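The structure appears below as structure tokens.
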Amino acid sequence: MHGGHQRIDVEWLALAAGLKPAIRIAATALEASAIAGRFQAMGAAVVTARGPVGVHRHEHTLVYVARDAEAAAAVRAAERPLLATHLPPRDKAYYAGELGRRLGYPRCCVEAFTARVLRGPGKLRAGDRDSVHEDYVAARDAHVARPDWRLNNLLLRQHLRLVTFEPCRYDCALALAFAAEVLRLCQASDAPSAHVLADRLQRPLVLTAAGARAWARLEGGGSPRIVAAEAPRAGDPGARPDPADEALAARLPRLSLTELGDPPPLLLDFST
Ligand SMILES: [Zn+2]
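So, in structure tokens, the structure goes:
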């Protein structure tokens, strides 16, 4: 969901500056026409497709945006095989890699993504029977002791992000080079909004295996304690937090992470 309220469209800035060859957005039919209109008004080329996407294979309208019609159509063509009903995992991984490269994602991050496709959606390890939320799998793969806030890709629903792909590690050098450029563009385009964005991306974040997330306030050094938590919300006035995120935020200060689930939630301290 891309609302019309956010003041900076980071993907558009990156596309216009030539940092990114194309943008792909999955939306409802209604949202898609608003998104297409908005990008066309900015002078971009837009093409669309329809098909099942994501782990749950829900029907979406796909909007592909590029600087010219040929580039937009090329990204649509790269995704077309993925919209087919049943692809063997190896083919799915191959085409997902093609799509990722066409969207300009770092090659190491694309490789990490296709490895997860091969493993099976929601699988922490190959052969696992249980599935967890795909964001949790990707965040666990990317987890490092000091995750860099510029790669925080866990607040897409709130329109808070510099990168829209899953970094291979939360300190990936290629992903960071891209994120740093996008940040610079944001600051040049709208410094107050860039400041708000940075503040929100830098908050420590807890992510559960079911995909709920909450901002956490930490106290103490070596093994910090969560003293307060809040459901993330978008910058738009009137934006409602997710009920599952609110429920997590209410429980966080009272329970330890291991009491909150198995596998336990991840604590990503983007504030360091
Ligand atoms: Zn990477």
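Residue numbers (the numbering used here): 6 to 277. A virtual CB, placed ideally from N, CA and C, is assigned to each residue, including glycine. Here the structure is a predicted model, which means the values were calculated and not measured.
- Pairing H63 with P57, the inter-Cα distance amounts to about 5 Å.
- By DSSP's assignment, R29 forms a beta bridge with Y69.
- Just measuring C-alpha positions, the residue of L67, I28 and L88 sitting nearest E36 is L67.
- Annotated three-state conformation of T53 is strand, per DSSP.
- In the DSSP assignment, the residues bridged to H63 are V58.
- Going by DSSP, V149 is part of no beta strand (DSSP E) at all; its letter is neither H nor E.
- DSSP lists E224 as the beta-bridge partner residues of R230.
- Between the region 90-100 and the region 140-148, the count of C-beta pairs closer than 8 Å stays below three; the two stretches do not touch.
- Per the Cβ contact rule, the region 196-204 is not in contact with the region 251-266 (fewer than 3 Cβ pairs under 8 Å).
- Relative to ligand 1, the nearest heavy atom lies less than 8 Å away from the CB of A180.
- Nearest to W220 by C-alpha distance, out of P270, K25 and A82, is P270.
- With distances taken between CA atoms, L212 lies nearest to E139 out of E139, L88 and L165.
- Rounded to the nearest whole angstrom, the C-alpha separation of A131 and Q45 is 43 Å.
- Annotation: R189 to A196 spans about 10 Å, alpha carbon to alpha carbon.
- Here the distance from the Cβ of R174 to the nearest heavy atom of ligand 1 is below 8 Å.
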